[in-house]
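**Student:** The number in the numbering used here is simply the position in the sequence shown, starting from 1, with 4 added. Using N, Cα and C, we set each Cβ at its ideal position, and we do this for glycine too. Let me begin by handing over the structure; questions about it come next.
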Amino acid sequence: MAVAGLLGLGLAPAHAQEPTYAPTMLVLDGSGSMKQADPTSGTKMDAAKTALRRFIGSAPAQAQVGLTVYGTRTGSSDAEKPQGCQDVQVLSPPRAIDKPALTAAVDGIQPSGYTPIGTALRTAADALPDTGARAIVLVSDGEDTCAPPDPCEVARELTAQGATVVVHAVGFAVDAKSRAQLTCIAQVTGGTYTDAPDGKTLERILPRVSATALRTYEPAGTPITGTATWDNAPVAEPGQHLDTIGQKETRYYAVDVPEGGAAHFSATISFPRIDGVSITQDMNTLQLRLYADGGKDCHVFETEQVTMSSDGEALTVARTLDGDDGTCKGGGRYYVALTWDRVSAGVPERLPVELLTIVEPPVTDGGSRAVLPKVPFTEPSADREVTGGGLFTVAATLPGSGRYRDTLQRGEYVFYRVKLDWGQGLAYRVHFGQAGGSGVDNISNIATSLYNPYRAQIDSDTTVFTGRPAALPSTEDVLSTVPVRYHNRHADTFSARSQALAGWYYIAIKVGSTAASGDDVPVPVTLDLTIGGRPEDGPSYAGASQKPAQSAPVLVAAEEPTETWPIWLGVGAGAVVLGGVITVVVRKRA
Numbered sequence: 005m006a007v008a009g010l011l012g013l014g015l016a017p018a019h020a021q022e023p024t025y026a027p028t029m030l031v032l033d034g035s036g037s038m039k040q041a042d043p044t045s046g047t048k049m050d051a052a053k054t055a056l057r058r059f060i061g062s063a064p065a066q067a068q069v070g071l072t073v074y075g076t077r078t079g080s081s082d083a084e085k086p087q088g089c090q091d092v093q094v095l096s097p098p099r100a101i102d103k104p105a106l107t108a109a110v111d112g113i114q115p116s117g118y119t120p121i122g123t124a125l126r127t128a129a130d131a132l133p134d135t136g137a138r139a140i141v142l143v144s145d146g147e148d149t150c151a152p153p154d155p156c157e158v159a160r161e162l163t164a165q166g167a168t169v170v171v172h173a174v175g176f177a178v179d180a181k182s183r184a185q186l187t188c189i190a191q192v193t194g195g196t197y198t199d200a201p202d203g204k205t206l207e208r209i210l211p212r213v214s215a216t217a218l219r220t221y222e223p224a225g226t227p228i229t230g231t232a233t234w235d236n237a238p239v240a241e242p243g244q245h246l247d248t249i250g251q252k253e254t255r256y257y258a259v260d261v262p263e264g265g266a267a268h269f270s271a272t273i274s275f276p277r278i279d280g281v282s283i284t285q286d287m288n289t290l291q292l293r294l295y296a297d298g299g300k301d302c303h304v305f306e307t308e309q310v311t312m313s314s315d316g317e318a319l320t321v322a323r324t325l326d327g328d329d330g331t332c333k334g335g336g337r338y339y340v341a342l343t344w345d346r347v348s349a350g351v352p353e354r355l356p357v358e359l360l361t362i363v364e365p366p367v368t369d370g371g372s373r374a375v376l377p378k379v380p381f382t383e384p385s386a387d388r389e390v391t392g393g394g395l396f397t398v399a400a401t402l403p404g405s406g407r408y409r410d411t412l413q414r415g416e417y418v419f420y421r422v423k424l425d426w427g428q429g430l431a432y433r434v435h436f437g438q439a440g441g442s443g444v445d446n447i448s449n450i451a452t453s454l455y456n457p458y459r460a461q462i463d464s465d466t467t468v469f470t471g472r473p474a475a476l477p478s479t480e481d482v483l484s485t486v487p488v489r490y491h492n493r494h495a496d497t498f499s500a501r502s503q504a505l506a507g508w509y510y511i512a513i514k515v516g517s518t519a520a521s522g523d524d525v526p527v528p529v530t531l532d533l534t535i536g537g538r539p540e541d542g543p544s545y546a547g548a549s550q551k552p553a554q555s556a557p558v559l560v561a562a563e564e565p566t567e568t569w570p571i572w573l574g575v576g577a578g579a580v581v582l583g584g585v586i587t588v589v590v591r592k593r594a
């Protein structure tokens, strides 16, 4: 059965969808200083307009983009200051992008007055939706000349109110004092600060910063509330669900597994970016334990660990239930206990957790049992731009083999997706371009991970990035899969077992933050991808004319097991089977 048929069954990516974008407000400095000459682009305002036009022209059609400007309706005399410090206009609210209208609004801006950044931030935030992920891109050539309100305090107000508004600030030929103020605004909200010393630099970086703002991500899913005990755990319906989980808390969920079929489920937490966290206090773990009807302990335990969580990492734990799990056999109602066990410094007391379950009916014919060799890599010929998404549900689609270029801000963790049919696999590598100076302050972490349709990690690699060109994987030519076949799940080769379901496969790429004194400049990223293997008939599912159950992840909590659990702390994946009864999988990622 091909991917199209699998999708018709509702099996593979119930959550696969085209990327959605955070409503974003562009805030442009229209103060009198923007009339000054720029050494590369006429006036500063000329350069800013060119940069905005470039972004508007390249923005996705689904993007919601607005425009706010300050300092355009008064002069800059002392007598005009009271009025000038209230001079903020929303030229276009954040809505489905109307490129001609937005471009016309940009063309009509004439700089003349004061710099009320704090008031502009409040006005822009008020114009954005009240809930959900939202972003502001602020371009200023100087510090606020109207405080109060102090713009950094306004940013803190937004954070204190729980607003999910991320501010990305661009300093256009600014001095040290202005840079410090703009950096504070960005850091307080979890955004980025970028220097643009001249017009040509602004024209190059503003579209990238704006694209980053658009991919600000908010966890999504049908609401569900896990319980503290297994016996009243909610049964998750097909699709993706959204809950919250607290530090050291265990949440329980239930899922019904068809006799002779399988359920694939996962739980994902995306950690916020936090500055100044010690590497020794920057680790989180998600643990998963499995139970059968009546609370019977299946003696299945998995844990995933992520280090450098403060870079904005995503942490996923995944498991397949196929009726042969530890001491638990057959179909029926199962429970999973999800625990946020190890907690890094500075994270919120509760965080959203996305839950996904895909339920497969029994198969009448699983197809070939042979495990094919890994897909070989070939040098790409196509070359195109792409903008990765903030997590699985908004991953950017890579339509086929080729070379894909993106630009990541420091501290970004972005996702791309590739559709694999039965018989197909992929191979890829990632190149990181020159970015900033060298030295200890400019060292950061880079990483890539590969996931299957139910978000189980297939492979990963990480290394140190010094600002000079680098590539991942660092010790091999590529990361790759075997061609997808149903019976791979039973393969003697453990590494092939996760490639047993056709659908969307995900590639995540991360660029970590530098030290506070580092250059913190954007990093050009190139993803070279090969999709190989010949599409073939997949398994035949029982009752294929009916849509199978596809419920959200099952999670159940239990007491800490009395056994001493062996722990393998390497990069990648490992498994330990104890007497064929207790299954332990522990992974560690940078």
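Note the first and the last residue of the continuous alpha helix (DSSP H) segment covering M49.
**Tutor:** Position 45 of the sequence shown, counted from the first residue, corresponds to residue 49. Start and end: K48 to S62.
**Student:** With 16 other CB atoms within 10 Å as the buried threshold, where does G112 fall?
**Tutor:** Within the sequence shown, residue 112 is the residue found at index 108, counting from 1. Answer is exposed; the Cβ neighbour count stays below 16.
**Student:** Within 10 angstroms of its Cβ, does S81 collect 16 or more other Cβ (buried), or is it exposed?
**Tutor:** Indexing the sequence shown from 1 puts residue 81 at position 77. Exposed.
**Student:** Please classify G250 as buried or exposed, where buried requires at least 16 neighbouring CB atoms within 10 angstroms.
**Tutor:** Here residue 250 refers to the residue found at position 246 of the sequence shown. The residue in question, G250, is exposed, as its Cβ has fewer than 16 Cβ neighbours within 10 Å.
**Student:** Note down the Cα distance separating D247 from I283, rounded to an integer number of angstroms.
**Tutor:** As a position in the sequence shown, residue 247 is number 243, starting the count at 1. As a position in the sequence shown, residue 283 is number 279, starting the count at 1. About 28 Å.
**Student:** Looking at the unbroken beta strand (DSSP E) that takes in V94, where does it start and where does it end?
**Tutor:** As a first step, residue 94 is located in the sequence shown; it is residue number 90 there, counting from the start. Run containing V94: V92 to A100, per the beta strand (DSSP E) assignment.
**Student:** Can V171 and A184 be called in contact, C-beta distance under 8 Å?
**Tutor:** In the sequence shown, counting from the first residue as 1, residue 171 sits at position 167. In the sequence shown, counting from the first residue as 1, residue 184 sits at position 180. No, these two residues do not count as a Cβ contact at 8 Å.
**Student:** If we require 3 or more residues per run, which beta strand (DSSP E) segments fall completely within the region 176-232?
**Tutor:** If we require 3 residues or more, the beta strand (DSSP E) runs fully inside the region 176-232 come out as 197-200.
**Student:** What alpha helix (DSSP H) runs, 4 residues minimum, are completely inside the region 78-142?
**Tutor:** 85-88, 103-111 and 121-131
**Student:** Between which residues of its own chain and T229 is the CB-CB distance below 7 Å, once the five residues before and five after are set aside?
**Tutor:** To locate residue 229, count along the sequence shown from 1; it is residue 225. Residues P238 and D247 of the same chain have their beta carbon placed closer than 7 Å to that of T229, with the five preceding and five following residues left out of the count.
**Student:** Tell me whether the beta-carbon of L186 lies closer than 8 Å to the beta-carbon of S144.
**Tutor:** Counted from its first residue, the sequence shown places residue 186 at position 182. Counted from its first residue, the sequence shown places residue 144 at position 140. Taking 8 Å as the Cβ cut-off, L186 and S144 qualify as a contacting pair.
**Student:** Would you decide whether T479 is buried or exposed? Buried here means 16 or more other CB atoms lie within 10 Å of its CB.
**Tutor:** Walking along the sequence shown from the start, residue 479 turns up at place 475. Exposed is the call here.
**Student:** Check the DSSP bridge columns for N449 and list the partner residues they point to.
**Tutor:** Counting from one through the sequence shown, the residue named residue 449 turns up at place 445. V468.
**Student:** Which first and last residues belong to the beta strand (DSSP E) in which D315 is found?
**Tutor:** Looking up residue 315 in the sequence shown gives position 311. Element bounds for D315: n/a, residue is neither H nor E.
**Student:** For V444, count the other beta carbons within 10 Å of its own beta carbon; 16 or more makes it buried, fewer makes it exposed. Which is it?
**Tutor:** The residue you call residue 444 lines up with position 440 of the sequence shown. Classification for V444: exposed.
**Student:** Identify whether D387 lies in helix, strand or coil by the three-state DSSP scheme.
**Tutor:** Taking the sequence shown and counting its residues from 1, the one referred to as residue 387 is at position 383. Of the three classes helix, strand and coil, the one that applies to D387 here is strand, per DSSP.
**Student:** By DSSP, does Q68 sit in helix, in strand, or in coil?
**Tutor:** By one-based count along the sequence shown, residue 68 stands at place 64. Assigned with DSSP and collapsed to three states, Q68 falls in strand.
**Student:** In whole angstroms, what separates the C-alpha of G117 from that of R433?
**Tutor:** Along the sequence shown, read from residue 1 onward, the residue named residue 117 stands at position 113. Along the sequence shown, read from residue 1 onward, the residue named residue 433 stands at position 429. So the alpha carbons of these two residues sit roughly 50 Å apart.
**Student:** Where does A556 fall in DSSP's three states?
**Tutor:** Residue numbering aside, residue 556 sits at position 552 when the sequence shown is read from its first letter. With a pLDDT of only 30 at A556, under 50, the local geometry of the prediction cannot be trusted, and no value is derived from it.
**Student:** Select from E157, L206 and V363 the residue whose C-alpha is nearest the C-alpha of Y175.
**Tutor:** Numbered from 1 along the sequence shown, position 171 holds the residue referred to as residue 175. A small correction: the amino acid at residue 175 is Gly; Tyr does not occupy that position in the sequence shown. Cα-wise, what sits closest to G175 is L206.
**Student:** If I follow the unbroken beta strand (DSSP E) through M38, where does it start and stop?
**Tutor:** Here the question's residue 38 lines up with position 34 in the sequence shown. Note, M38: premise wrong, no beta strand (DSSP E); not H, not E.
**Student:** Any idea what DSSP makes of G299, helix, strand or coil?
**Tutor:** In the sequence shown, counting from the first residue as 1, residue 299 sits at position 295. Residue state, collapsed to three classes: helix.
**Student:** So, helix, strand or coil for F381, using DSSP?
**Tutor:** On the sequence shown, position 377 is the one that residue 381 refers to. In this structure, F381 counts as coil in the three-state DSSP scheme.
**Student:** Could you check which residue in L533, Y25, M312 and A200 has the C-alpha nearest to that of P43?
**Tutor:** As a working mapping, residue 43 is identified with position 39 in the sequence shown. Nearest option by C-alpha distance: A200.
**Student:** Taking the beta carbon of G537 as the centre, do at least 16 other beta carbons fall within 10 Å, making it buried, or is it exposed?
**Tutor:** The residue you call residue 537 lines up with position 533 of the sequence shown. So G537 counts as buried.
**Student:** On the criterion of 16 or more Cβ atoms from any shown chain inside 10 Å, does A53 qualify as buried, or is it exposed?
**Tutor:** Against the sequence shown, residue 53 aligns to sequence position 49. Just to set this straight, residue 53 is Lys in the shown sequence, not Ala. Under this definition K53 is a buried residue.
**Student:** For a minimum of 4 consecutive residues, which ranges assigned as the alpha helix (DSSP H) are wholly contained in the region 501-539?
**Tutor:** none
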